[in-house]
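Trainee:
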Amino acid sequence: MKILRLTPILLSLPTPLLAAPIDRDSALTLPDVVISANRQVEDRNQSSAASTVFTRDDIERLQPGSVEELLTRVPGVQVARTGGRGSLPGIFIRGTKSAQSLVLVDGQRIANTSSGDSGLQYLPIEQIERVEVLRGSRSAIYGSDAMGGVIQIFTRRGAEQGLQARMRLAAGSRNNFERSLGLSGGDGRTRFSLGASLDESAGIDDTRQSYASDQDHDAWRNRSLSLNLTHQLSDSLEIGANVLDSRGRREFDNPYGLYDMDTGLLQPQAPYTDFTVSSVSSHVAAQLTGQWHSRLELGHSENRDRSRDKLSNAEDVYNTYRDSLTWQNDIDLDEHHSLLLGGDAWVDRLRASTEFSEDSRWNRAVFVQHRYQGEGFSTELGLRRDRNQQFGSQNTWSGSLTLPLNADNDLLLSYSEGFRAPTFNDLYYPFAANPDLKPEHSKSYELQWRSQLSDSSRLETSLYRTDLRDAIVFRDTAPYNVSKARIVGFESSLVQDWWGWQSQLGVALMDPRDRDSGHTLERRARRTLSLDLDRQFDRVGLGASWQAVSGSYADAANQRRLGGYGLLGARASWALTPALRLELKAENLLDKDYARSQYNHDGSYYGYREEGRTWLLAINWTPEL
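Adding 732 to a residue's 1-based position in the sequence shown gives its number in the numbering used here.
Next comes the structure, spelled out in structure tokens:
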């Protein structure tokens, strides 16, 4: 395929950076490459996946307070929280629910296998180098949970030469404080980055009508540690390790109440949870021949949650652990043909205060993908076979065709399948489970148009349809494979420079329907818009954001409606010296009162509160060492 126009910085890179997965660290700073689509560094124009990439430069420019806030800028991605910062978010990629999308940290799955939630709300934005979001099924590459898409987070990386220190102090509304320290460096063959952070806030009152014990601010505290280390033993052999550990405490409300076995009545609570989300991995990457690159990864992740109550002895523990092994081989057969070959294996374990009938399971898989790149067209064909301890064998495949219309325009057609294995809660939770559940399955069809309109303007558009079958829904105190859904959508993103102003516009239209009832799927808005506008004036940077979300339904029966809303934000930065920078941001400037989820209290439904107007002032210091 004729290579599309690339940015000057990308053109200046040596070819092996894009061809060999051994030099990922350098690629993490580039917005025009993607790593997660096929687990290797490749030009975004040559990838079949609809993707959005945020580099560290983007994060510092946009000043998001969390990963969820960053994700709201991705067309086709919706975030529905159940309160303020640190509350449980619903992540909907192209209308699929949170458990149907895969979240990775440095290549490691971090989802809680009891519930399917990933713990994204606990990942500190200051410890993150890069975020990649793939929209559409990637089960043919990643297996279970990648039906809707993939979110991969890369932790901070070290510099190629010398030492670099960083410090950040921030304070804002609602007693919000952020503190972080970091040190990174390298000497050509070795790179490292070490960081630590402490974030805390008085929070907000997540609920409206509830017990008197819930009428307080739900505070949270999060301390994190990250470490990245890579070392080149030779020009063709690299080893490395990654660590991210986040743990803390968050208070929350329970408007449903605690059932008292003795009295049969509901009692108020003052609950809080001690959480831990961690990921540890190591790898060996080798260029075995001029055409064969191999990478072996060993990983361990934990998602732990211990909930307690200040007013009673109630305690719930749900800790999940995952050990994983991945072997990947990238083989260039000739100038037009290449192969991706590999295998995955992992073991999930659950340790809970509730007695589950099963508390462990394993999954093994092999995958292969062939890619052809020619002058007139390009193709991609992938197949994966998973063998699950509980569900036997599952086959998924994907295929794509890329047609270059000219040097600046590409047309892509793709088909992909996906599946998701039920969680431990779905299968084995006492008195509320169904051990006869089958995996969920999906089929997706997509048409993409990518256009380099000018040197300063790029347009990416997608039209897609996803059909879900055997979808798991909760009915009559137990989950069942009874639901079918059809999701049709349109996405468009435009990056444009306007007389020195940089704009990023994302628009998404979606029709997510239950095929049996005809109802709109709950908590999915049909229309979303995100606009960011930024400009740098010498040492001063100014920016603004606008996000608009249409109305949605809080329930599957479409009886309870959630209103639409628009949020306005502003930000500024001032480089006092090359090493000292001030930042100021304000969110929800119009103090909009809105909700994306509802709860029940005493027979009535109410919307969870979201944060109103907030501000944050930060000082960043990066001295030369």
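Cβ atoms here follow ideal geometry from the backbone N, Cα and C, with glycine treated the same way.
List the whole-angstrom C-beta distance separating residue 787 from residue 761, where the pair is believed to meet the contact cut-off of C-beta under 8 Å.
Mentor: For a cut-off of 8 Å, the C-beta gap from residue 787 to residue 761 is around 6 Å, short enough to register as a contact.
Trainee: Enumerate in chain order the residues of its own chain whose CB-to-CB distance from residue 911 is below 8 Å, with the five nearest sequence positions on each side excluded.
Mentor: 900, 901, 902, 929, 930 and 931
Trainee: Going by C-alpha distance, which of 1262, 1245, 1263 and 1045 is nearest residue 1255?
Mentor: 1245
Trainee: Taking DSSP as the reference, what is the three-state secondary structure of residue 945?
Mentor: In the three-state scheme derived from DSSP, where H, G and I count as helix and E and B as strand, residue 945 is classed as helix.
Trainee: Looking only at its own chain, which residues have a Cβ that is under 8 Å from the Cβ of residue 888, when we skip the five neighbours before and after it?
Mentor: 788, 859, 860, 861, 914, 916, 925, 927, 958 and 960
Trainee: What first and last residue would you give for the beta strand (DSSP E) that runs through residue 988?
Mentor: Unbroken run through residue 988: none, as it is neither H nor E.
Trainee: Taking only runs that begin and end inside the segment 1068-1155, name each unbroken beta strand (DSSP E) of 3 or more residues, in chain order.
Mentor: 1069-1084, 1092-1105, 1110-1120, 1124-1138 and 1141-1152
Trainee: Between 1068, 1046 and 1304, which has its C-alpha nearest residue 1004's C-alpha?
Mentor: 1046
Trainee: Mind listing, in chain order, the continuous beta strand (DSSP E) runs of no fewer than 3 residues lying wholly within the segment 917-1002?
Mentor: 922-933, 952-966 and 969-983
Trainee: Suppose you measure from the CA of residue 978 to the CA of residue 1007; what does that come to, to the nearest Å?
Mentor: 8 Å
Trainee: Excluding the 5 residues flanking residue 874 on each side, which residues of the same chain have their C-beta closer than 7 Å to its C-beta?
Mentor: 834 and 882
Trainee: Which of the three DSSP states, helix, strand or coil, is assigned to residue 872?
Mentor: helix
Trainee: Give me the Cα-Cα distance between residue 1274 and residue 1267, rounded to the nearest whole angstrom.
Mentor: 6 Å
Trainee: Can you give the beta carbon distance from residue 1130 to residue 1103, rounded, assuming they're within the 8 Å contact cut?
Mentor: About 12 Å separates the Cβ atoms of residue 1130 and residue 1103, ruling out a contact at the 8 Å cut-off.
Trainee: What are the start and end residues of each continuous beta strand (DSSP E) run of 3 or more residues lying completely inside the segment 851-902, in chain order?
Mentor: 860-867 and 881-887
Trainee: Taking 8 Å as the cut-off, decide whether the C-beta atoms of residue 1184 and residue 1194 are in contact.
Mentor: no
Trainee: Suppose the cutoff is 6 Å on Cβ atoms and the five residues either side in sequence are ignored; what does the same chain contact list for residue 1346 look like?
Mentor: 905 and 1319
Trainee: In three-state DSSP terms, what is residue 1235?
Mentor: strand
Trainee: For residue 802, which three-state DSSP category applies?
Mentor: helix
Trainee: Just to confirm before moving on: does the CB-CB distance between residue 1026 and residue 1051 stay below 8 Å?
Mentor: no
Trainee: Let me know the beta strand (DSSP E) ranges lying completely inside the segment 1205-1265, each 3 residues or longer, listed in chain order.
Mentor: 1210-1230 and 1233-1246
Trainee: Provide the residue span of the beta strand (DSSP E) that contains residue 792, from first to last.
Mentor: Looking at the DSSP string, residue 792 is not in any beta strand (DSSP E); the run it does join, the alpha helix (DSSP H), is 788-794.
Trainee: Just list the residues that DSSP pairs residue 1328 with in beta bridges.
Mentor: When DSSP reads this structure, residue 1328 sits in no beta bridge, so it has no partner.
Trainee: Is there contact here, the segment 1032-1046 with the segment 1010-1024, by at least three beta-carbon pairs under 8 Å?
Mentor: yes
Trainee: Buried or exposed for residue 1332, please, with buried defined as at least 16 other CB atoms from any protein chain shown within 10 angstroms of its CB.
Mentor: exposed
Trainee: From this set, 1177, 1053, 1152 and 1176, which residue's C-alpha is nearest residue 1169's C-alpha?
Mentor: 1152
Trainee: Measuring CA to CA, which of 1304, 1283 and 876 is closest to residue 1295?
Mentor: Per the C-alpha coordinates, the member of 1304, 1283 and 876 positioned closest to residue 1295 is 1283.
Trainee: Report the rounded CA-to-CA distance for residue 1328 versus residue 1287, giving the unit in angstroms.
Mentor: Roughly 11 Å separates the two Cα atoms.
Trainee: Please report how far the alpha carbon of residue 1074 lies from the alpha carbon of residue 1117, in whole angstroms.
Mentor: 11 Å
Trainee: For the beta strand (DSSP E) that contains residue 1056, what are its first and last residues?
Mentor: 1047-1064
Trainee: So what's residue 1158 in DSSP terms, helix, strand or just coil?
Mentor: Assigned with DSSP and collapsed to three states, residue 1158 falls in helix.
Trainee: Out of curiosity, what's the CA-to-CA distance linking residue 1298 and residue 880?
Mentor: 25 Å
Trainee: With DSSP collapsed to three states, give me the class of residue 778.
Mentor: helix
Trainee: To the nearest angstrom, how far is the alpha carbon of residue 1037 from that of residue 1341?
Mentor: 23 Å
Trainee: Are there 16 or more other CB atoms within 10 angstroms of the CB of residue 907, so buried, or fewer, so exposed?
Mentor: exposed
Trainee: Can you look up residue 810 in the DSSP assignment and give me helix, strand or coil?
Mentor: strand
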